[in-house]
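Residues 651 to 1028 in the working numbering are what the sequence shown lists, from first letter to last. Take a look at the structure below.
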Amino acid sequence: MSGIIGRKMTSRAISALNINQFLRESRVFTSRTYSSTAKEMTVRDALNSALDEEMSADPKVFIMGEEVGEYQGAYKISKGLLDKYGPERVLDTPITEAGFAGIGVGAAYHGLKPIIEFMTFNFSMQAIDHIINSAAKSNYMSAGQISVPIVFRGPNGAAAGVGAQHSQCYAAWFGACPGLKVLAPYSSEDARGLLKAAIRDPDPVVFLENELLYGESFPVSAEALDSSFCLPIGKAKAKLEGKDVTITAFSKMVGSALKAAEILAKEGISAEVVNLRSIRPLDRSTINASVRKTNRLITVEEGFPQHGVGAEICASVVEESFEYLDAPVERISGADVPMPYAANLERMAVPQVEDIVRAAKRACYRSAQKSVPMAATA
């Protein structure tokens, strides 16, 4: 099947003589236009618009996964794309992550730009050999002769009431592998700009979304609504400026960190919230610059504490900014257990706003309490 896709699409995509015919047959229309003023947009719509515009701009881009076509996507991220681009570029697959991830990597070898959707990143474990051995390592092992421009995307981390096999955060897992770029957006602008960057990138990108964020609306600037908009990979963003304590977070936990910062502000503590956006490469310079300003660090993530993203951030700060620290670094993470199914235990296993508030107050010596919450503080 990979060979069929490669021969059929590459020849049509690369041949200048056939571009116009290809676009007509695939029903590709010009990129949508937006008003010049900022607007509210859900993360779902931001992702959908990014896919639409990149597919319109580049006929080598196609989407493949379970229910991405006729069903419009399990989370409706690919809504409308089958009707617009046809079944050659929006491919429904059987339930076999290893199969369609491998086909996608093969298509990327041919010069196409596949977007592989996993219904949840927990299921990407079925395809781990293709993601790591076939995609991530190929450029290095070929001495730069093989480029693998592929995006693996889908929901990552905890949802609600879906149990351990649908709730794991894989940011640290994929972030540990050379050859991959790993992105984790929070807002609609993040989702739109980073997905466009991922699709245009010549290397394999793991794009970690969050199911609970899909329906949330965020303001999107006029600049971000332009079809040429793209965010740089590997660059964090200070979502909130502060001077007393740095709080790093990514994906859904950015929202929790911002809520914690609001509470802390009422108690006279000025928190700086850094939205990581990129797990690999990690923006160490922005993180260390913030810590050198605030002299304190709290890391927040949904994943497990051992070998986590927070652990890597702590190591970077200790190596580069240890003399600036006025308090021990604290890591807020998920509990070191598979996700419980019961709602009350699930809440205890995921970092809560109050966990972040308590840690920040300890770092600022505003609390004598040194207890360890269920959402592990390491």
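Don't be surprised by glycine CBs; every beta carbon is placed ideally from N, CA and C.
Extent of the continuous alpha helix (DSSP H) to which residue i belongs
{"i": "R694", "result": "693-707"}
{"i": "G843", "result": "838-850"}
{"i": "D733", "result": "731-735"}
{"i": "V941", "result": "934-944"}
{"i": "V798", "result": "Looking at the DSSP string, V798 is not in any alpha helix (DSSP H), and its letter there is neither H nor E."}
Selected residue, minimal CA-CA separation from residue i, among the options
{"i": "T896", "options": "P805, P869, S940", "result": "S940"}
{"i": "P744", "options": "E912, G807, M769", "result": "M769"}
{"i": "E717", "options": "S878, S728, G829", "result": "S728"}
{"i": "E996", "options": "E912, V812, L947", "result": "V812"}
{"i": "M903", "options": "L701, L697, E703, P835", "result": "P835"}
{"i": "F954", "options": "G884, L947, A814", "result": "A814"}
{"i": "R842", "options": "Y864, G719, M791, N772", "result": "Y864"}
{"i": "R1012", "options": "Y991, V1000, A977, A999", "result": "A977"}
{"i": "G754", "options": "A785, F773, G736, E912", "result": "A785"}
{"i": "Y725", "options": "G918, K734, V693, G752", "result": "V693"}
{"i": "L881", "options": "L890, G736, E891, S838", "result": "S838"}
Coil, strand or helix - residue i by DSSP
{"i": "S877", "result": "coil"}
{"i": "S906", "result": "helix"}
{"i": "A785", "result": "helix"}
{"i": "K885", "result": "coil"}
{"i": "A666", "result": "Note that A666 scores 33 on pLDDT, short of 50, meaning its location in the model is unreliable; the coordinates nonetheless yield the value given after this. Looking at A666 - three-state DSSP - the assignment turns out to be helix."}
{"i": "S901", "result": "coil"}
{"i": "F768", "result": "coil"}
{"i": "N925", "result": "strand"}
{"i": "S867", "result": "strand"}
{"i": "K893", "result": "coil"}
{"i": "E980", "result": "strand"}
{"i": "R674", "result": "Note that R674 scores a pLDDT of 37, beneath 50, so its modelled location is shaky; the value from the coordinates is reported in the next line. Helix, per DSSP."}
{"i": "S685", "result": "Here S685 scores only 43 on pLDDT, less than 50, and its place in the model is too uncertain to base an answer on."}
{"i": "D629", "result": "For residue 629 there is no data in the structure shown, the boundaries of the chain being 651 and 1028."}
Residue i - containing beta strand (DSSP E), residue span
{"i": "M714", "result": "711-715"}
{"i": "L833", "result": "831-833"}
{"i": "G752", "result": "First-last for G752: 747-759, but that is the alpha helix (DSSP H), not the beta strand (DSSP E)."}
Beta-carbon proximity of residue i to residue j, cut-off 8 angstroms
{"i": "D894", "j": "T944", "result": "yes"}
{"i": "E951", "j": "G960", "result": "yes"}
{"i": "N925", "j": "A886", "result": "yes"}
{"i": "A810", "j": "L862", "result": "yes"}
{"i": "E970", "j": "N938", "result": "yes"}
{"i": "L731", "j": "M691", "result": "no"}
{"i": "Y820", "j": "F750", "result": "no"}
{"i": "S928", "j": "G884", "result": "yes"}
Can at least three beta-carbon pairs, one atom from the stretch 738-753 and one from the stretch 710-724, be found at a separation below 8 angstroms?
-> The stretch 738-753, when compared against the stretch 710-724, does touch it at the 8 angstroms Cβ threshold.
Inspect the CB distances between the stretch 841-860 and the stretch 787-800 and report whether three or more fall short of 8 angstroms.
-> In this structure the stretch 841-860 lies against the stretch 787-800, because at least three pairs of beta carbons, one per stretch, are closer than 8 angstroms.
At least three beta-carbon pairs within less than 8 angstroms, the stretch 868-882 to the stretch 898-912 | No, because fewer than three Cβ pairs between the stretch 868-882 and the stretch 898-912 fall closer than 8 angstroms, the two stretches do not touch.
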